[in-house]
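Below: the structure, in structure tokens.
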Ligand SMILES: [Zn+2]
């Protein structure tokens, strides 16, 4: 896929453009390609957002009620005694 640095045929801005897949005479920048109404029918949009594949991280196990109470107590005690430090 060739990337040109030219004027977008759609909005006229000087941007990095690619040749439109549907209309071969059209050079389209990333913004116009993404906003294109034909995108849903476009077999291969010139600009595709490729997000780096990230493994889904396992959701952390929820904090138990006791643990939550303990943390709240701990934090509240810190608020009540701002000067003191319990190491
Ligand atoms: Zn454009």
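Numbering (the UniProt record's numbering), first residue to last: 1 to 87.
C-beta atoms are modelled at their ideal positions from N, C-alpha and C, and glycine is treated no differently.
Please read all numbers here as calculations on a predicted model, not as lab measurements.
Alpha-carbon spacing of residue i relative to residue j, whole angstroms
i          : j          : result
residue 40 : residue 14 : 25 Å
residue 50 : residue 3  : 16 Å
residue 25 : residue 34 : 18 Å
residue 17 : residue 45 : 12 Å
residue 54 : residue 47 : 20 Å
residue 65 : residue 71 : 10 Å
residue 61 : residue 68 : 13 Å
residue 76 : residue 37 : 54 Å
Rounded distance between the beta-carbons of residue j and residue i, thought under 8 Å
i          : j          : result
residue 10 : residue 42 : So it is not a contact: roughly 14 Å between Cβ atoms.
residue 8  : residue 27 : 6 Å
Endpoints, alpha helix (DSSP H) assigned at residue i
i          : result
residue 71 : 65-80
residue 35 : 30-35
Start-to-end residues for the beta strand (DSSP E) that takes in residue i
i          : result
residue 18 : 14-19
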